[in-house]
Structures are given as C-alpha cells and as structure tokens.
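Top to bottom, those sequences are chains F and B. If you read the first sequence in my numbering, its first letter stands for residue 1, the second for the next number, and so on. If you read the second sequence in my numbering, its first letter stands for residue 389, the second for the next number, and so on. All C-beta atoms in this analysis are idealised placements derived from N, C-alpha and C, irrespective of residue type, glycine included.
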Amino acid sequence: MSLSQPDNAHEAAGRPLVVHLKARLAIMHPAYFALAMATGIVAISCHLLGLSHLAVALSWINVVAYPTLWVLFIARAVMFRERVAEDWRDHGRAPGYFTIVAATGVLGTQAVLLHDGILVGEILWWACAALWAVCTYTIFALLTVRDKKPTLAEGINGGWLLAVVATQSVCVLGCTVDGAVPGVRDVSLFVLMSFWLGGGMLYQWIIGLIFYRYMFFPFSPRDLMPPYWINMGAVAISTLAGALLAGAAESSTLLAPLRPFILGLTVMFWATATWWIPMLLVLGIWRHRVRDVRLSYDPLYWGLVFPVGMYSACTFQLAAALDAPFLLWIARAFVIAAATVWLLTFLGLARRMLHAVLLGLRRPHVPHIEQAGDQIIVGAWNTGGITQ
Amino acid sequence: MNTTSDTRFDLDLVSVVGHATTDEPTSVAAPSKAEVYARAAQQMRRGRRVVISGFVVAVLGIVAYCVVCLSAAMNQELGSTLLDNPGWLAGPTLGIIGLGSLLWLVGSFLYLSGGMNSDPDGPELYF
C-alpha cells in the first residue's frame, strides 16, 4: 500500500486549528473577562466559607486565566482592529469591556485574601482605578456621540450593569487593602465611599431602563441573555462593598458617623439582590423549559456564575457586619450553587476547547490516491473513508 | 520445533481471524456510507451517555465536597456533631469531582469525534 501526499501536507495539517482559532478570536466577546471575574469571586467565596482546597484551585486557575485573556484581547486588538473599534461603539457589546475592570479588582482582592499579596493588591487597585476611568469615560462618551443609535429594546441589556460592577470592584479592592490606597486612610475611605455611592446611583439609572424594557417592550427568549443575572450581581457587589466599607468605617474618624447610613443602604442593596433571584429563576425556567431554548455553553454564562458567587460572598460579609449568623446559611447554600455552576460552565469551556483541538487534528483536505490490493480508492481521506 | 503445536496455533488463529490462510490478493473495501453513519451515530450516543454520567458524578461530587467542608467548618465554629470529623472526606469528594470531569471530557471527545466522522464529505481525524 502506498500513500502519496504533497510535501506541504504537514504544513496544511495545522491550518484548520489556526483558521478556527482566528475565527473565534475575531468574534470574541469583550465580556470574556467575566471568566476571571467569576472564577475569582467563587474562589473568594469558597475561601470565606472554609472550602480551602477549592479556593486555592480556583485562584490558581484565575492566575492563569487573567493574563491569558489579556494576551487574547491584545492579539484581537492587533489582528482585528476594525472589529475592536466597532465594539467600543456598539450598545450591545461595549459594556462588556467593563469586565476588564471588574476582573482586575477581583484578582486583586483574591491576591490579598488568599495569597496575602498586599503589594499586588495595591498595584492592581491602581490598575483597576485607571481602567475604570478609561472604560467609563470612553464607552459612555462614544455611545453618547454616536449618530446611529438602536432603540431601547435593542440596545439595553443586563450587561450595562457591568458599569456598576466595575465601579464597585474598585471600592471592594480598596477596602480589602484597608484604605492603603490612594493615600491617607481617611481620604482613601472617602474616595472609596464615593465610588460606592456613585456605583449605587449608576445602578438606579440603568436598572430603571432595564425594568422599563422588561415591562413595556416585547420580550423573546433570545432577549433573556445570561448577563441579565448581573441585575442581581450588581447589587450583590454593592452589598459586599457596603459591608466592607462599614467594617472599615468603624475605625475612621471621618466615616464613623456615617456607618449607620452605610449599613442601612447595604441592607437595601442586599434586599434588592435577593428580590431578583426568584424573578431570574422564573425567567430562566420560562426561557429553557417553556420556550425550549437549548442550554449550551456560551461565554456569556460567566456573567451568570459571577452573581451567584458574589451573592454568597456579600451575604457572608453582611452577616459579619450586622453580626447576624442566620445569614450564613444563605451564604453556604449559595456557595454550593456557585461552585456547581462554575464547574458546569468551566466544563462547557473545556468542551469548546476540545472541539477546537479536534478540528486542528483533522487531516488536511489534500487529494491523493490510495491503492489497497487491486482496488483503488480515490481521495479516501477526503470522504471519511467512504468509497465513491 | 513442535509441528503439532504450530498447526494448532494456526487453527486457533484461523478461528479468530476467519479466512486468514488464503493466498489470493487482499482487497480492502472502504465502509459504505450507511456503515460510517451508523458507527458515528452510535459513538455519539455513547458519548452523550458518558457526558450525562460525568455531569451527574461531578455535580454530586461538588455538592458532597461543599457539604463535607461546610460541616467541618461548622464543627469548628459551633462544636456541633453533625459529622464527627468529616474533614477527611474532602479528598475523596475532590476525587469524585475529578472523575466526573474526566467522564465529561471523555464523553465530549466521543461525541465530538463521532459528529465529525459522521460527515462523509469531511476529512478524518488523525486517530
């Protein structure tokens, strides 16, 4: 039996993978940093509740995932400059860039809590604050001055609340390093409280539009994307920021008088987050059971994992701030849910990567003649071994 | 050299591989389209079953791990006796998570490669 293949067959063998990866990179969603956000917050939540093995494993996965995502984002910016520029002006995709800010904040918090990396936390706080300023004032300015704008029904989605998550993540990381940045502790805490209150105000603006869109515009299952869970996640991170701020305010002469106000507002955020959970579950059941939308991996599902993990972490910190141990049961239940949905989403990602590898290992589409005994099979590789 | 035993060996071999003693030139016929489809569909069904098994095992593992570790933490905090010393169960439950994940990946591999092989106009995989 003799096989004849062109000399460049080996070179061609790698092409399907390269072509597939380039195609995936071209359409990569700006919100992909939600993977690092979700992994980081589930790690933090596991750490707080004593699931130490899982916390360490997740934190190391995040340490790998975060720089990998940066490499992919930079590669995309270099290779597909037009698409990236268009993303920044797109009402649907632009808010996804806020995940970079939030992922940086979560990574910094994780570094401080799990690895005692105070210096890393401080550096990442500065990076987080700078990224927040760039994303906030670039995205909102570009969307404001754009000539052609979508209708409210087409343009708004839960992803817009990532602006709130990004803002609160600056406050959370700042409180985690105990106001060591940007300078004098009282001034730092005042700046962090401004971030917290600003994020809360942003939530009021955006959630009003989202609720209006829910109630007064046609709503198809396709519209109910996983980022709608950020409706809950944004107030959950506001709760976490408030609880940490209330803890830090105890020893601050400037903020101590405001502590009851901070705690009251924090409970309001937690109540709002809790209100959203049954609503989102009902809508999820409607989407997948009643309207039969197939449940398959989508990177946007990381936007669902993050709120579940965040709700667990914020409830734990609220229980500590209010000295209300009964809340710990809720935190425990949600950490189980968070770890489960993280694992399922991660396995979906692993399956997507396996698919890419299998595509890369397919034989090249090279015509050849294979002679076996006295029978000639033409192009057998190209036909999956089927006789023509 | 024992001729009798060699003959017995040949007979055994024939019984296993069928018509292996012919001197005629061998002819390798490619499988028909229906055979390839059927084999690929079977592989995909098997893959789907393994994926579902992996899903169930992994979820059970993670729930068990969380319950074990949370019980251990509560024992330390409250001195409760829900489980006397459940901390040692953390390792085995992590193993269950790993097993479930592995089953999921193996099932995904079977499913995806079956799906690719079911395409008669597409190229084969290397393995």
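8 angstroms CB neighbourhood of residue i in its chain, flanking five on each side removed
{"i": "F:Pro325", "result": "Ala319"}
{"i": "F:Leu280", "result": "Tyr228, Trp229, Asn231, Met232"}
{"i": "F:Val19", "result": "none"}
Distance between residue j and residue i (C-alpha atoms, nearest Å)
{"i": "F:Ala129", "j": "F:Leu113", "result": "19 angstroms"}
{"i": "B:Asn505", "j": "B:Tyr499", "result": "10 angstroms"}
{"i": "B:Val494", "j": "F:Trp196", "result": "46 angstroms"}
{"i": "F:Met201", "j": "B:Arg436", "result": "47 angstroms"}
{"i": "F:Met215", "j": "F:Pro221", "result": "14 angstroms"}
{"i": "F:Ala65", "j": "F:Leu35", "result": "8 angstroms"}
{"i": "B:Cys457", "j": "F:Met232", "result": "27 angstroms"}
{"i": "F:Thr151", "j": "F:Gly96", "result": "19 angstroms"}
{"i": "F:Ala102", "j": "F:Pro67", "result": "14 angstroms"}
{"i": "F:Gly40", "j": "F:Ala236", "result": "15 angstroms"}
{"i": "F:Val56", "j": "B:Ala422", "result": "50 angstroms"}
{"i": "F:Leu347", "j": "F:Val184", "result": "45 angstroms"}
{"i": "B:Ala428", "j": "B:Ser501", "result": "8 angstroms"}
{"i": "F:Lys148", "j": "F:Thr138", "result": "17 angstroms"}
{"i": "B:Tyr453", "j": "B:Met462", "result": "14 angstroms"}
Beta carbon proximity, residue i to chain B, threshold 8 angstroms
{"i": "F:His355", "result": "yes"}
{"i": "F:Thr266", "result": "no"}
{"i": "F:His53", "result": "yes"}
{"i": "F:Ile61", "result": "no"}
{"i": "F:Ala350", "result": "yes"}
{"i": "F:Ile330", "result": "no"}
{"i": "F:Leu49", "result": "yes"}
{"i": "F:Thr340", "result": "yes"}
{"i": "F:Leu347", "result": "yes"}
{"i": "F:Ile41", "result": "no"}
{"i": "F:Leu343", "result": "yes"}
Supposed close pair residue i, residue j - CB separation, criterion 8 angstroms
{"i": "F:His91", "j": "F:Gly50", "result": "With 8 angstroms as the limit, F:His91 and F:Gly50 do not qualify as a contact, their Cβ atoms being about 42 angstroms apart."}
{"i": "F:Pro307", "j": "F:Ile230", "result": "6 angstroms"}
{"i": "F:Leu72", "j": "F:Met37", "result": "With 8 angstroms as the limit, F:Leu72 and F:Met37 do not qualify as a contact, their Cβ atoms being about 15 angstroms apart."}
{"i": "F:Gly108", "j": "F:Trp125", "result": "6 angstroms"}
{"i": "F:Ala391", "j": "F:Phe98", "result": "Absent from the structure is residue 391 of chain F, since the part of chain F shown begins at 1 and ends at 388."}
{"i": "F:Gly105", "j": "F:Ser59", "result": "With 8 angstroms as the limit, F:Gly105 and F:Ser59 do not qualify as a contact, their Cβ atoms being about 15 angstroms apart."}
{"i": "F:Leu143", "j": "F:Ala94", "result": "6 angstroms"}
{"i": "F:Thr136", "j": "F:Ala163", "result": "7 angstroms"}
{"i": "B:Ile484", "j": "B:Gly442", "result": "That pair is no contact at about 11 angstroms."}
{"i": "F:Ala249", "j": "F:Arg259", "result": "5 angstroms"}
Any C-beta of chain F under 8 angstroms from that of residue i
{"i": "B:Ala429", "result": "no"}
{"i": "B:Leu448", "result": "no"}
{"i": "B:Met432", "result": "no"}
{"i": "B:Ser441", "result": "no"}
{"i": "B:Ala452", "result": "no"}
{"i": "B:Leu487", "result": "no"}
{"i": "B:Trp492", "result": "yes"}
{"i": "B:Ala478", "result": "yes"}
{"i": "B:Ala461", "result": "yes"}
{"i": "B:Leu498", "result": "no"}
Assigned secondary structure, residue i (DSSP; H/G/I helix, E/B strand, else coil)
{"i": "F:Ser252", "result": "coil"}
{"i": "F:Pro325", "result": "coil"}
{"i": "F:Thr151", "result": "coil"}
{"i": "B:Leu513", "result": "Only weak support is given to the placement of B:Leu513: the predicted model assigns it a pLDDT of 43, under 50, and the question is left unresolved by the model."}
{"i": "F:Asp116", "result": "coil"}
{"i": "B:Ser506", "result": "coil"}
{"i": "F:Tyr203", "result": "helix"}
{"i": "F:Asn62", "result": "helix"}
{"i": "F:Gly108", "result": "helix"}
{"i": "F:Ile285", "result": "helix"}
{"i": "F:Asn157", "result": "coil"}
{"i": "F:Ile27", "result": "coil"}
{"i": "F:Asp87", "result": "helix"}
{"i": "F:Phe316", "result": "helix"}
Sequence-distant residues of the same chain with beta carbon closer than 7 angstroms to residue i, five excluded per side
{"i": "F:Leu240", "result": "Val172, Met310, Ala313, Cys314, Gln317"}
{"i": "F:His288", "result": "Leu295"}
{"i": "F:Leu17", "result": "Ala356, Leu359, Gly360"}
{"i": "F:Val267", "result": "none"}
{"i": "F:His47", "result": "Ala55, Leu113, Leu114"}
{"i": "F:Arg291", "result": "Pro221"}
{"i": "F:Val341", "result": "Leu304, Val305, Val308"}
Sequence-distant residues of the same chain with beta carbon closer than 6 angstroms to residue i, five excluded per side
{"i": "F:Pro299", "result": "His29, Tyr32"}
{"i": "F:Gly117", "result": "Ala111"}
{"i": "F:Leu224", "result": "Leu283, Arg287"}
{"i": "F:Ser252", "result": "Asp186, Leu189"}
{"i": "B:Gly488", "result": "Gly442, Val445, Ala446, Gly449"}
{"i": "F:Leu209", "result": "Ile156"}
{"i": "F:Ile330", "result": "Thr315"}
{"i": "B:Leu470", "result": "Because B:Leu470 sits at a pLDDT of 48, beneath the cut-off of 50, its placement in the model cannot be relied upon, and the following sentence gives the value as read from the coordinates. Excluding sequence neighbours, B:Leu470 sits near Ser459."}
Any non-hydrogen atom of the ligand GTP within 7 angstroms of residue i CB
{"i": "F:Ala246", "result": "Among the ligands in the structure shown, none appear at all, so the ligand GTP cannot be discussed."}
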